[in-house]
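Numbering (full-length UniProt numbering), first residue to last: 1 to 278. Even for Gly, the Cβ is constructed at its ideal location relative to N, Cα and C. Everything below concerns the one structure shown next.
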(Lines of atoms letter the chains of each structure in order from A; the text may use other names.)
(Lines give C-alpha, C1' and ligand atoms only; values in the text may rest on other atoms or scores of the structure.)
Protein backbone atom coordinates (compact mmCIF):
# COMPACT_ATOMS: atom_id res chain seq x y z
CA UNK A 1 0.00 0.00 0.00
CA UNK A 2 1.49 3.31 -1.11
CA UNK A 3 0.98 6.38 1.06
CA UNK A 4 0.78 9.65 -0.88
CA UNK A 5 0.52 13.05 0.77
CA UNK A 6 -1.15 15.88 -1.16
CA UNK A 7 -1.13 19.25 0.62
CA UNK A 8 -4.01 21.43 -0.53
CA UNK A 9 -4.92 25.09 -0.29
CA UNK A 10 -8.14 24.28 -2.22
CA UNK A 11 -6.74 25.93 -5.37
CA UNK A 12 -6.90 24.60 -8.92
CA UNK A 13 -3.22 23.79 -8.63
CA UNK A 14 -3.70 21.45 -5.68
CA UNK A 15 -6.64 19.86 -7.50
CA UNK A 16 -4.38 19.26 -10.50
CA UNK A 17 -2.00 17.45 -8.16
CA UNK A 18 -4.82 15.17 -7.02
CA UNK A 19 -5.93 14.39 -10.56
CA UNK A 20 -2.42 13.71 -11.81
CA UNK A 21 -1.41 11.53 -8.85
CA UNK A 22 -4.63 9.52 -9.04
CA UNK A 23 -4.09 8.99 -12.77
CA UNK A 24 -0.41 8.07 -12.39
CA UNK A 25 -1.09 5.53 -9.64
CA UNK A 26 -4.40 4.24 -10.97
CA UNK A 27 -3.17 0.65 -10.94
CA UNK A 28 -1.61 0.81 -7.47
CA UNK A 29 -3.13 0.39 -4.02
CA UNK A 30 -2.85 3.84 -2.45
CA UNK A 31 -3.97 5.90 0.47
CA UNK A 32 -4.07 9.58 -0.46
CA UNK A 33 -3.75 11.87 2.54
CA UNK A 34 -5.29 15.23 1.63
CA UNK A 35 -3.69 17.72 4.00
CA UNK A 36 -4.73 21.30 4.61
CA UNK A 37 -2.48 23.43 6.81
CA UNK A 38 -3.51 26.77 8.24
CA UNK A 39 -0.32 28.51 9.20
CA UNK A 40 -0.79 30.36 12.48
CA UNK A 41 0.53 33.89 12.19
CA UNK A 42 3.10 34.65 14.86
CA UNK A 43 2.12 36.99 17.63
CA UNK A 44 4.16 40.13 17.50
CA UNK A 45 4.96 43.24 19.49
CA UNK A 46 4.11 46.62 18.01
CA UNK A 47 5.36 49.52 20.06
CA UNK A 48 4.51 48.72 23.68
CA UNK A 49 1.42 46.69 22.84
CA UNK A 50 1.21 42.91 22.40
CA UNK A 51 -0.96 41.78 19.49
CA UNK A 52 -2.07 38.15 19.11
CA UNK A 53 -3.46 37.25 15.71
CA UNK A 54 -6.53 35.04 15.60
CA UNK A 55 -6.68 31.38 14.68
CA UNK A 56 -8.28 30.52 11.31
CA UNK A 57 -11.98 29.68 11.33
CA UNK A 58 -12.18 25.86 11.57
CA UNK A 59 -15.73 25.66 10.21
CA UNK A 60 -14.70 27.44 7.01
CA UNK A 61 -11.78 25.05 6.55
CA UNK A 62 -13.99 22.01 7.11
CA UNK A 63 -16.49 23.30 4.54
CA UNK A 64 -13.71 23.70 2.01
CA UNK A 65 -12.38 20.22 2.78
CA UNK A 66 -15.86 18.77 2.34
CA UNK A 67 -16.21 20.51 -1.01
CA UNK A 68 -12.76 19.27 -2.05
CA UNK A 69 -13.79 15.71 -1.22
CA UNK A 70 -16.97 16.16 -3.24
CA UNK A 71 -14.69 16.90 -6.18
CA UNK A 72 -12.69 13.76 -5.42
CA UNK A 73 -15.96 11.83 -5.42
CA UNK A 74 -16.48 12.89 -9.02
CA UNK A 75 -13.31 11.12 -10.14
CA UNK A 76 -13.60 7.68 -11.77
CA UNK A 77 -14.18 5.07 -9.07
CA UNK A 78 -11.13 3.01 -8.15
CA UNK A 79 -11.34 0.34 -5.45
CA UNK A 80 -7.56 0.52 -5.05
CA UNK A 81 -7.68 4.09 -3.78
CA UNK A 82 -8.61 5.51 -0.38
CA UNK A 83 -8.72 9.19 0.59
CA UNK A 84 -8.23 10.58 4.09
CA UNK A 85 -8.63 14.24 5.07
CA UNK A 86 -6.16 15.84 7.45
CA UNK A 87 -6.38 19.31 8.96
CA UNK A 88 -3.48 20.86 10.85
CA UNK A 89 -2.43 24.23 12.25
CA UNK A 90 1.14 25.44 12.41
CA UNK A 91 4.28 25.85 10.34
CA UNK A 92 3.88 24.27 6.91
CA UNK A 93 7.21 22.45 6.75
CA UNK A 94 7.08 21.29 10.37
CA UNK A 95 3.62 19.82 9.82
CA UNK A 96 4.61 18.13 6.56
CA UNK A 97 7.63 16.54 8.26
CA UNK A 98 5.41 15.31 11.09
CA UNK A 99 2.83 13.79 8.73
CA UNK A 100 5.55 12.14 6.62
CA UNK A 101 6.79 10.35 9.73
CA UNK A 102 3.43 9.57 11.33
CA UNK A 103 1.74 8.29 8.17
CA UNK A 104 4.84 6.69 6.64
CA UNK A 105 4.48 8.78 3.49
CA UNK A 106 6.17 7.47 0.33
CA UNK A 107 5.53 10.46 -1.92
CA UNK A 108 4.46 14.09 -1.61
CA UNK A 109 2.54 15.45 -4.62
CA UNK A 110 2.44 19.22 -4.98
CA UNK A 111 0.72 21.40 -7.56
CA UNK A 112 2.38 24.65 -8.60
CA UNK A 113 0.88 27.71 -10.21
CA UNK A 114 3.43 29.07 -12.65
CA UNK A 115 6.55 27.04 -13.16
CA UNK A 116 7.75 29.35 -15.93
CA UNK A 117 9.15 31.42 -13.05
CA UNK A 118 10.67 28.48 -11.26
CA UNK A 119 12.66 30.35 -8.62
CA UNK A 120 9.74 32.49 -7.56
CA UNK A 121 6.98 29.93 -7.81
CA UNK A 122 8.68 26.78 -6.55
CA UNK A 123 11.88 27.38 -4.63
CA UNK A 124 10.50 30.61 -3.25
CA UNK A 125 7.46 28.99 -1.65
CA UNK A 126 6.31 25.87 0.17
CA UNK A 127 7.07 23.52 -2.72
CA UNK A 128 10.70 24.55 -2.78
CA UNK A 129 10.98 24.15 0.96
CA UNK A 130 9.47 20.67 0.78
CA UNK A 131 11.98 19.63 -1.89
CA UNK A 132 14.98 20.90 0.03
CA UNK A 133 13.95 20.31 3.65
CA UNK A 134 11.74 17.20 3.77
CA UNK A 135 13.49 13.83 3.23
CA UNK A 136 10.75 12.31 1.10
CA UNK A 137 10.24 11.85 -2.63
CA UNK A 138 8.40 14.81 -4.13
CA UNK A 139 6.38 15.11 -7.33
CA UNK A 140 5.94 18.70 -8.55
CA UNK A 141 3.00 19.08 -10.94
CA UNK A 142 2.80 22.33 -12.96
CA UNK A 143 -0.62 23.79 -13.62
CA UNK A 144 -0.49 23.03 -17.36
CA UNK A 145 0.51 19.38 -16.99
CA UNK A 146 -1.40 17.09 -19.33
CA UNK A 147 -3.47 14.52 -17.47
CA UNK A 148 -1.78 11.43 -18.88
CA UNK A 149 0.68 8.74 -17.89
CA UNK A 150 4.20 9.69 -19.03
CA UNK A 151 5.60 7.93 -22.09
CA UNK A 152 9.11 9.38 -21.98
CA UNK A 153 11.00 10.22 -18.80
CA UNK A 154 14.32 12.06 -18.70
CA UNK A 155 16.83 11.40 -15.94
CA UNK A 156 19.61 14.03 -16.05
CA UNK A 157 22.82 12.97 -14.33
CA UNK A 158 26.54 13.67 -14.28
CA UNK A 159 27.38 10.12 -13.08
CA UNK A 160 29.12 11.53 -10.01
CA UNK A 161 26.51 9.95 -7.79
CA UNK A 162 26.46 6.29 -6.79
CA UNK A 163 22.99 4.93 -7.53
CA UNK A 164 22.01 3.40 -4.22
CA UNK A 165 19.11 1.04 -3.63
CA UNK A 166 16.64 3.78 -2.54
CA UNK A 167 17.39 5.76 -5.71
CA UNK A 168 17.07 2.76 -8.01
CA UNK A 169 13.98 1.52 -6.20
CA UNK A 170 12.21 4.86 -6.69
CA UNK A 171 13.28 4.96 -10.32
CA UNK A 172 12.09 1.40 -10.86
CA UNK A 173 8.71 2.10 -9.32
CA UNK A 174 7.89 5.04 -11.58
CA UNK A 175 9.06 3.13 -14.66
CA UNK A 176 6.99 0.08 -13.76
CA UNK A 177 3.76 1.98 -13.14
CA UNK A 178 4.13 4.21 -16.20
CA UNK A 179 5.72 1.72 -18.63
CA UNK A 180 7.64 4.75 -19.90
CA UNK A 181 10.92 4.81 -21.78
CA UNK A 182 13.76 6.23 -19.72
CA UNK A 183 16.37 8.54 -21.22
CA UNK A 184 19.42 8.87 -19.00
CA UNK A 185 20.84 12.23 -20.00
CA UNK A 186 24.43 13.13 -19.22
CA UNK A 187 24.79 16.89 -19.15
CA UNK A 188 28.09 18.70 -19.38
CA UNK A 189 29.44 22.13 -20.25
CA UNK A 190 32.42 20.64 -22.12
CA UNK A 191 33.46 17.38 -23.72
CA UNK A 192 33.37 14.98 -20.77
CA UNK A 193 36.42 13.18 -19.45
CA UNK A 194 34.97 10.64 -17.06
CA UNK A 195 36.73 9.71 -13.86
CA UNK A 196 36.95 6.06 -12.85
CA UNK A 197 34.13 6.66 -10.39
CA UNK A 198 31.90 8.12 -13.11
CA UNK A 199 32.64 5.20 -15.43
CA UNK A 200 31.80 2.71 -12.68
CA UNK A 201 28.59 4.53 -11.75
CA UNK A 202 27.44 4.63 -15.37
CA UNK A 203 28.21 0.93 -15.91
CA UNK A 204 26.39 0.01 -12.71
CA UNK A 205 23.31 2.00 -13.75
CA UNK A 206 23.42 0.52 -17.26
CA UNK A 207 23.67 -3.05 -15.94
CA UNK A 208 20.74 -2.44 -13.60
CA UNK A 209 18.53 -0.96 -16.31
CA UNK A 210 19.47 -3.69 -18.79
CA UNK A 211 18.37 -6.32 -16.31
CA UNK A 212 15.00 -4.76 -15.52
CA UNK A 213 14.16 -2.54 -18.49
CA UNK A 214 16.03 -3.96 -21.45
CA UNK A 215 15.07 -2.15 -24.64
CA UNK A 216 13.17 0.63 -22.91
CA UNK A 217 16.02 2.87 -21.83
CA UNK A 218 18.83 4.76 -23.51
CA UNK A 219 21.82 6.92 -22.64
CA UNK A 220 22.08 10.38 -24.16
CA UNK A 221 24.63 13.18 -23.91
CA UNK A 222 24.14 16.90 -24.25
CA UNK A 223 26.69 19.71 -24.20
CA UNK A 224 25.95 23.32 -23.44
CA UNK A 225 27.36 26.34 -21.67
CA UNK A 226 24.20 26.58 -19.57
CA UNK A 227 23.19 23.21 -18.16
CA UNK A 228 19.72 24.34 -17.16
CA UNK A 229 18.94 25.67 -20.63
CA UNK A 230 20.36 22.49 -22.20
CA UNK A 231 18.01 20.32 -20.17
CA UNK A 232 14.99 22.52 -20.83
CA UNK A 233 15.71 22.42 -24.56
CA UNK A 234 16.13 18.65 -24.40
CA UNK A 235 12.75 18.29 -22.69
CA UNK A 236 11.07 20.34 -25.39
CA UNK A 237 12.78 18.87 -28.45
CA UNK A 238 12.43 15.24 -27.31
CA UNK A 239 8.83 15.44 -26.06
CA UNK A 240 9.73 14.45 -22.51
CA UNK A 241 6.73 13.90 -20.21
CA UNK A 242 8.50 13.86 -16.85
CA UNK A 243 11.84 14.88 -15.39
CA UNK A 244 13.48 12.94 -12.55
CA UNK A 245 16.29 14.32 -10.42
CA UNK A 246 18.14 13.00 -7.38
CA UNK A 247 18.30 15.55 -4.59
CA UNK A 248 21.66 14.19 -3.44
CA UNK A 249 23.20 15.02 -6.83
CA UNK A 250 23.98 18.47 -5.42
CA UNK A 251 26.27 19.74 -8.18
CA UNK A 252 23.70 19.16 -10.91
CA UNK A 253 20.81 20.19 -8.70
CA UNK A 254 22.41 23.54 -7.85
CA UNK A 255 23.30 24.29 -11.45
CA UNK A 256 19.72 23.64 -12.48
CA UNK A 257 17.97 25.74 -9.87
CA UNK A 258 20.33 27.94 -7.87
CA UNK A 259 23.11 29.30 -10.09
CA UNK A 260 21.08 31.42 -12.47
CA UNK A 261 20.23 35.09 -12.49
CA UNK A 262 16.59 35.90 -11.92
CA UNK A 263 16.24 37.14 -15.50
CA UNK A 264 17.24 33.74 -16.87
CA UNK A 265 15.20 31.50 -14.60
CA UNK A 266 12.54 29.54 -16.42
CA UNK A 267 11.14 26.05 -16.55
CA UNK A 268 9.03 24.04 -18.96
CA UNK A 269 5.43 24.76 -18.00
CA UNK A 270 3.91 21.33 -18.54
CA UNK A 271 6.42 18.69 -17.39
CA UNK A 272 6.19 17.23 -13.87
CA UNK A 273 9.37 17.05 -11.84
CA UNK A 274 10.07 14.15 -9.50
CA UNK A 275 12.80 14.66 -6.92
CA UNK A 276 14.15 11.46 -5.38
CA UNK A 277 15.51 11.44 -1.84
CA UNK A 278 17.48 8.57 -0.36
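1) By the three-class DSSP mapping on this structure, what secondary structure does residue 231 have?
2) Alpha carbon to alpha carbon, how far is residue 191 from residue 28? Give it in angstroms, no decimals.
3) Report the three-state DSSP secondary structure of residue 166 (helix, strand or coil).
4) Are the beta-carbon atoms belonging to residue 238 and residue 216 less than 8 Å from one another?
5) Based on DSSP bridge pairs, tell me the residues matched to residue 276.
6) When the Cα atoms are used, what is the spatial distance from residue 210 to residue 219?
7) Going by alpha carbons, who is nearest to residue 255 out of 23, 175, 222 and 187?
8) When we look at the beta-carbon of residue 16 and count the other beta-carbons within 10 Å, is it buried (16 or more) or exposed?
9) What residue range is occupied by the uninterrupted beta strand (DSSP E) comprising residue 132?
10) Would the segment 95-109 and the segment 57-76 be scored as touching if the rule is three or more Cβ pairs under 8 Å?
11) Between residue 161 and the rest of its own chain, which residues show a CB-CB distance below 7 Å, the 5 nearest in sequence each way excluded?
12) At what residue ranges does the segment 170-236 contain a whole run of the beta strand (DSSP E), taking only runs of 3 or more?
13) Roughly how far, in whole angstroms, is the beta-carbon of residue 111 from the beta-carbon of residue 141, given that I think they are within contact range, below 8 Å?
14) For residue 6 and residue 195, I'd like the C-alpha separation in whole angstroms.
15) Taking C-beta to C-beta, are residue 92 and residue 176 nearer than 8 Å?
16) To the nearest angstrom, how far is it from the Cα of residue 14 to the Cα of residue 193?
17) Check whether the Cβ atoms of residue 88 and residue 65 lie closer than 8 Å to each other.
18) So which of 32, 252, 71 and 205 has the shortest CA-CA distance to residue 280?
19) Would you kindly work out how many angstroms separate the C-alpha atoms of residue 224 and residue 30, rounded to a whole number?
20) Secondary structure at residue 318, three-state DSSP: helix, strand or coil?
21) What are the residues that DSSP puts in a beta bridge with residue 33?
22) From the DSSP secondary-structure annotation, give me the bridge partner or partners of residue 109.
23) Is residue 60 helix, strand or coil by DSSP?
If we stick to the structure as given:
1) Translated into positions along the chain shown, residue 231 becomes position 231. In this structure, residue 231 counts as helix in the three-state DSSP scheme.
2) The residue labelled residue 28 in the question sits at position 28 within the chain shown. The residue labelled residue 191 in the question sits at position 191 within the chain shown. Going from the Cα of residue 28 to the Cα of residue 191 covers about 42 Å.
3) On the chain shown, position 166 is the one that residue 166 refers to. Of the three classes helix, strand and coil, the one that applies to residue 166 here is helix, per DSSP.
4) Taking the chain shown and counting its residues from 1, one reaches residue 238 at position 238. Taking the chain shown and counting its residues from 1, one reaches residue 216 at position 216. No.
5) For the purposes of this step, residue 276 is taken as residue 276 along the chain shown, with counting starting at 1. Looking at the DSSP assignment, residue 276 forms a beta bridge with 246.
6) Translated into positions along the chain shown, residue 210 becomes position 210. Translated into positions along the chain shown, residue 219 becomes position 219. Roughly 12 Å between the two C-alpha positions.
7) Within the chain shown, numbered from 1, the residue matching residue 255 stands at position 255. Just measuring C-alpha positions, the residue of 23, 175, 222 and 187 sitting nearest residue 255 is 187.
8) The residue given as residue 16 occupies position 16 in the chain shown. Its Cβ being crowded by 16 or more others within 10 Å, residue 16 is buried.
9) Sequence index remark: in the chain shown, residue 132 carries index 132 (1-based). For residue 132, no beta strand (DSSP E) run applies; the uninterrupted alpha helix (DSSP H) run containing it begins and ends at 126-133, by DSSP.
10) no
11) Translated into the one-based positions of the chain shown, residue 161 becomes position 161. Cβ neighbours of residue 161 beyond the five flanking positions: 201, 246, 248 and 249.
12) DSSP runs (the beta strand (DSSP E)) wholly in the segment 170-236: 181-188 and 217-223.
13) As a working mapping, residue 111 is identified with position 111 in the chain shown. As a working mapping, residue 141 is identified with position 141 in the chain shown. With a Cβ gap of about 5 Å, residue 111 and residue 141 count as contacting.
14) Translated into the one-based positions of the chain shown, residue 6 becomes position 6. Translated into the one-based positions of the chain shown, residue 195 becomes position 195. Roughly 40 Å separates the two Cα atoms.
15) Against the chain shown, residue 92 aligns to sequence position 92. Against the chain shown, residue 176 aligns to sequence position 176. By the CB criterion at 8 Å, residue 92 and residue 176 fall outside the cutoff.
16) Numbered from its first residue, the chain shown carries residue 14 at position 14. Numbered from its first residue, the chain shown carries residue 193 at position 193. Between residue 14 and residue 193, the C-alpha separation is close to 43 Å.
17) Locating residue 88 in the chain shown gives position 88, where the first residue counts as 1. Locating residue 65 in the chain shown gives position 65, where the first residue counts as 1. For residue 88 and residue 65, no; Cβs fall outside 8 Å.
18) This structure gives no information on residue 280, because the portion of the chain shown stretches from 1 to 278.
19) Counting from one through the chain shown, the residue named residue 224 turns up at place 224. Counting from one through the chain shown, the residue named residue 30 turns up at place 30. Approximately 41 Å between the Cα atoms of the pair.
20) Nothing about residue 318 can be reported from this structure: the residues present for the chain run from 1 to 278 only.
21) The residue labelled residue 33 in the question sits at position 33 within the chain shown. Residue pairing of residue 33 in beta bridges, as defined by DSSP: 5 and 84.
22) For this step, residue 109 is matched to residue 109 along the chain shown. Bridge partners of residue 109: 139.
23) Start at 1 with the first residue of the chain shown, and residue 60 comes out as number 60. If DSSP states are grouped into helix, strand and coil, residue 60 belongs with the helices.
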